[in-house]
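K.L.:
Numbering (our numbering), first residue to last: 35 to 417.
Every residue gets a Cβ at the ideal spot worked out from N, C-alpha and C, and that includes glycine.
What follows is the structure, encoded as structure tokens:
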């Protein structure tokens, strides 16, 4: 019986943490507007070495997509927001780094000027990218709020310079021209990591993610495919999804694990309650003669109830003690999939203890009441 209570406690703790993560996800602000956005991935194979042809293709693709009926904005980027989980070394001008491992890391993304109207991201300081940020223009960069807090504290970041890479980097120094709000990274363990944006024109890519904002955006799928094929029929277009689906994909595992642990936790709670009830009912049936004698000698109903409850509470306490230890181990293993919830969340642990205590007391109540109503004469005649 103690084992069932401990298992129930551990599973309920895991379930509670996952449920809290799901609730947090439902109120998540990704930092972008995701509705009415068509997304897809297009690009050239690694064997394609004509960089100039790639640049011409993407330069022509954006205006062609923008010309489609109802399109409000078009973005080209190295990858979609909420799908970035990698990191790159970065140097801040004026700071010294002794070794390569001393260089901080940040998420990096290359985007077109259309990124900001497409996802409706506005600058908090400075400006966003414009068509003037061309390949031969001054290298620029935009940073997010987390990057500013981490590297500039209370300093004004506008005009400061940063460079991607370590000590041997050949990347140019880029001037910070703007600060934007944090955008959900897609990584539950680091939902708002430091990040930077670089103009796509200054950092060409072989593969890009396209995003098209329009009413009923997904209905544009045939037109988008036709636009890509008209420029180069050999360029594939794949991963066609709405932006809302893309965000949901990045956190699907939390919802799946949450549902599984919730089901297991409820099942374990029911088994623990039924098991405790059965144990207490059996124990009372074996002690009918003893209870009858106690009542005959003047024991009150409260005394009998206390006798039965004491046995159940001892098992409950031992089981929950073991279960809390099990829950601590399980919750630490779930740390990678929890979203903005601490593995040792006190409220969750306290809630599980309260729930199990109530379930355990209810499971003890019926046998205890039955024992308190034993007829002393009949009980003493019983063998």
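#1: Just the Cα atoms here: how many angstroms apart are residue 158 and residue 393?
#2: What would DSSP say about residue 378, mapped onto helix, strand or coil?
#3: Roughly how many whole angstroms lie between the Cα atoms of residue 46 and residue 297?
#4: Return the CA-CA distance between residue 262 and residue 269, expressed in angstroms with no decimal places.
#5: Measuring only the C-alpha atoms, how far is residue 233 from residue 227?
#6: What do you reckon, are the CB atoms on residue 88 and residue 144 nearer than 9 Å?
#7: Below 8 Å on the Cβ atoms is my contact criterion, and I expect residue 266 with residue 91 to pass it. Report the Cβ-Cβ distance as a whole number of Å.
#8: Where residue 103 and residue 247 are concerned, what is the direct C-alpha to C-alpha distance, given to the nearest angstrom?
#9: Between the Cα of residue 58 and the Cα atoms of 372, 385, 397, 300, which residue gives the shortest distance?
#10: Got a sec? Which residues, its chain only, sit under 7 Å from residue 160 by beta carbon, not counting five neighbours each side?
#11: Taking the alpha-carbon of residue 238 as reference, which of 86, 179, 69, 396 has the nearest alpha-carbon?
#12: Could you spell out where the beta strand (DSSP E) holding residue 108 opens and where it closes?
#13: Starting from residue 179, trace the alpha helix (DSSP H) in both directions and tell me its first and last residue.
#14: Below 9 Å between beta carbons: does that hold for residue 377 and residue 369?
#15: Helix, strand or coil: which one does DSSP assign to residue 276?
#16: If residue 44 and residue 361 are in contact, beta carbons under 8 Å, what's the gap, nearest whole angstrom?
#17: Less than 6 Å between C-beta atoms, sequence neighbours within five positions excluded: which residues of the same chain meet that for residue 276?
#18: For the putative contact between residue 75 and residue 272, defined by C-beta atoms under 8 Å, what is the C-beta separation to the nearest angstrom?
#19: With DSSP as the reference, identify every bridge partner of residue 260, one or two as the case may be.
#20: Whose C-beta lies closer than 7 Å to the C-beta of residue 40 among residues of the same chain, with five residues either side of it excluded?
#21: Quick check on the burial criterion: 16 or more other C-beta atoms within 10 angstroms. Buried or exposed for residue 397?
#22: For the beta strand (DSSP E) that contains residue 76, what are its first and last residues?
#23: For a test of your reading of the model: does the CB of residue 153 fall under 8 Å from any non-hydrogen atom of the ligand GTP? Yes or no.
#24: Can you name, in chain order, every residue of its own chain whose Cβ lies under 7 Å from the Cβ of residue 1, other than the five neighbours on each side?
#25: Given residue 49, which residues of its chain have a CB within under 6 Å of its CB, disregarding the five upstream and five downstream residues?
#26: If we call anything under 9 Å between Cβ atoms a contact, is residue 216 one with residue 180?
#27: Between which two residues does the beta strand (DSSP E) carrying residue 37 extend?
#28: Which of helix, strand or coil does DSSP assign to residue 233?
#29: Are the beta-carbon atoms of residue 375 and residue 54 separated by less than 9 Å?
#30: Determine the closest residue to residue 36 out of 109, 351, 84, with distance taken between C-alpha atoms.
#31: If you follow the beta strand (DSSP E) that residue 88 is part of, which residue opens it and which one closes it?
#32: Under a Cβ-count criterion, where at least 16 other Cβ atoms within 10 Å of its own Cβ denotes burial, should residue 312 be classed as buried or exposed?
#33: Tell me the DSSP secondary structure of residue 212 in three-state form.
#34: Skipping 5 residues on each side, what residues in its chain have a beta carbon closer than 6 Å to that of residue 151?
#35: Expressed to the nearest angstrom, what Euclidean distance is found between the alpha-carbon atoms of residue 260 and residue 240?
#36: Can you give the Cα-Cα distance for residue 347 and residue 403, rounded to whole angstroms?
P.N.:
On the basis of the supplied data:
#1: Cα to Cα, the separation comes out at about 51 Å.
#2: DSSP, reduced to helix, strand and coil, places residue 378 outside both helices and strands of the structure shown, so it counts as coil.
#3: Looking at the two C-alpha atoms, the distance is approximately 9 Å.
#4: Rounded to whole angstroms, residue 262 to residue 269 spans 7 Å at the Cα level.
#5: The straight-line gap from Cα to Cα measures roughly 20 Å.
#6: Not a contact, by the Cβ cut-off of 9 Å.
#7: Confirmed, about 6 Å.
#8: Using only the alpha carbons, I get a separation of about 11 Å.
#9: Among 372, 385, 397, 300, the Cα nearest to that of residue 58 belongs to 372.
#10: So the list reads 192, 211, 212, 213, once near-sequence residues are dropped.
#11: In terms of CA proximity to residue 238, 86 leads the group 86, 179, 69, 396.
#12: 107-111 is the extent of the beta strand (DSSP E) around residue 108.
#13: Looking at the DSSP string, the run of the alpha helix (DSSP H) that includes residue 179 is 179-185.
#14: A contact, by the Cβ cut-off of 9 Å.
#15: Here residue 276 carries a strand assignment [DSSP, helix/strand/coil].
#16: Correct: roughly 5 Å between the Cβ atoms.
#17: Excluding the 5 residues flanking it on each side, residue 276 has same chain C-beta neighbours closer than 6 Å at 252, in chain order.
#18: Indeed, because the Cβ distance is near 5 Å, the residues count as touching under 8 Å.
#19: In DSSP, residue 260 forms no bridge with anything.
#20: Close CB contacts of residue 40 within its chain, under the 7 Å cut and outside five residues either way in sequence, are with 353, 356, 357, 360 (chain order).
#21: With 16 or more other Cβ atoms within 10 Å, it is buried.
#22: Counted as a single uninterrupted DSSP element, the beta strand (DSSP E) harbouring residue 76 occupies residues 71-77.
#23: The ligand GTP is absent from the structure shown, which contains no ligand whatsoever.
#24: With the chain covering 35 to 417 only, the question about residue 1 has no answer from this structure.
#25: Excluding sequence neighbours, residue 49 sits near 295, 296, 299.
#26: Against a cut-off of 9 Å, the Cβ pair of residue 180 and residue 216 comes out as a contact.
#27: Annotation for residue 37: no beta strand (DSSP E) segment contains it, though the alpha helix (DSSP H) segment containing it runs 36-60.
#28: Strand, per DSSP.
#29: Taking 9 Å as the Cβ cut-off, residue 375 and residue 54 qualify as a contacting pair.
#30: 351 is the residue among 109, 351, 84 whose C-alpha sits nearest the C-alpha of residue 36.
#31: No beta strand (DSSP E) contains residue 88, which is instead part of the alpha helix (DSSP H) from 85-100.
#32: Under this definition residue 312 is an exposed residue.
#33: Note: residue 212 maps to strand in three-state DSSP.
#34: Cβ-Cβ distances below 6 Å link residue 151 to 107 in the same chain, with the five nearest sequence neighbours on each side left out; the list follows chain order.
#35: In this structure, the straight-line span from the alpha carbon of residue 260 to that of residue 240 is close to 20 Å.
#36: A straight-line Cα-Cα distance of about 15 Å links residue 347 and residue 403.
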